[in-house]
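Numbering (our numbering), first residue to last: 75 to 282.
We put the beta carbon where it would ideally sit given N, CA and C, even for glycine.
Below is one structure, written out as structure tokens, with a few remarks after it.
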């Protein structure tokens, strides 16, 4: 049996995928209770200027895992910020982050995803508008460069000025981008040919 160049390329690509996936999976998520498995712990639902909403934990496994946040907007007030879902994160000034979440709604609804100062004047450091509809969607990852020295920042999902719609949110992720030198997959195998069955010894010289 002979190891051809195509097999070697596939093997190297597989190794690179494993290394990168490992880095992403084990990067720290700044969002606590990102899957709502601890109920509403760490989250706040605000309603202002006549907005009326009901909210709870949906345990039907609709989006990611068993639980998600369910918000029923009866009346959305007059502005997008009249209905908001907030949690607090602690990013580092000058670092870049990936923001991603899952959502689904009863009908088309617009959401502003915002990172902002936790008190007046509520300075916005990041803003991204998305349109959610009646099927499971993953939004992002969006890249945010934190340019604030605030120790704590609000991550806010603002969805007011829309009536008679409900929405589920889940799997909220804010992870720092690691700009360390990229991993290099480097494997050698010996022997490369011989009589089957052939036992090949691989030498791992990968770095990163």
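Opposing strand residues paired with residue i [DSSP bridges]
| i | result |
| --- | --- |
| residue 219 | 170 |
| residue 211 | 177 |
| residue 187 | 202, 231 |
| residue 163 | 227 |
| residue 280 | Its beta-bridge partners do not exist; DSSP assigns none. |
| residue 263 | 276 |
| residue 250 | 171 |
| residue 149 | 126 |
8 Å CB neighbourhood of residue i in its chain, flanking five on each side removed
| i | result |
| --- | --- |
| residue 101 | 249, 250, 252 |
| residue 139 | 109, 111, 244, 245 |
Closest residue to residue i among the options (Cα-Cα distance)
| i | options | result |
| --- | --- | --- |
| residue 199 | 227, 155, 108 | 227 |
| residue 247 | 241, 218, 267 | 218 |
| residue 207 | 197, 182, 213 | 182 |
| residue 166 | 145, 221, 279, 242 | 221 |
| residue 171 | 270, 103, 268 | 103 |
| residue 164 | 195, 232, 267, 106 | 106 |
| residue 194 | 264, 205, 224 | 224 |
| residue 115 | 205, 230, 161 | 161 |
| residue 229 | 237, 189, 197, 196 | 189 |
Reduced DSSP category for residue i - H, G, I as helix; E, B as strand; rest coil
| i | result |
| --- | --- |
| residue 154 | helix |
| residue 205 | strand |
| residue 275 | strand |
| residue 244 | strand |
| residue 96 | Per-residue confidence for residue 96 stands at a pLDDT of 49, beneath the threshold of 50, marking its modelled position as unreliable; the derived number appears in the next sentence. Residue state, collapsed to three classes: helix. |
Residues of its chain near residue i, where Cβ-Cβ distance is below 7 Å and the 5 sequence neighbours each way are ignored
| i | result |
| --- | --- |
| residue 202 | 187, 216 |
| residue 145 | 119, 127, 129, 159, 240, 241 |
| residue 137 | 176, 178, 210, 242, 244, 245 |
| residue 97 | Note that residue 97 has pLDDT 48, beneath the 50 cutoff, so the model's placement of it is unreliable and the number below is only indicative. Hits under 7 Å: 252. |
Contact set for residue i: own chain, Cβ-Cβ below 6 Å, skip 5 residues either direction
| i | result |
| --- | --- |
| residue 277 | 262 |
| residue 143 | 110, 243 |
| residue 174 | 214, 215, 247 |
| residue 212 | 176 |
| residue 279 | 260 |
| residue 153 | 234, 235 |
| residue 131 | 110, 113, 141 |
So within the segment 98 to 146, which uninterrupted beta strand (DSSP E) runs reach at least 3 residues, ignoring any that extend past its ends? Correct list: 117 to 121, 126 to 132.
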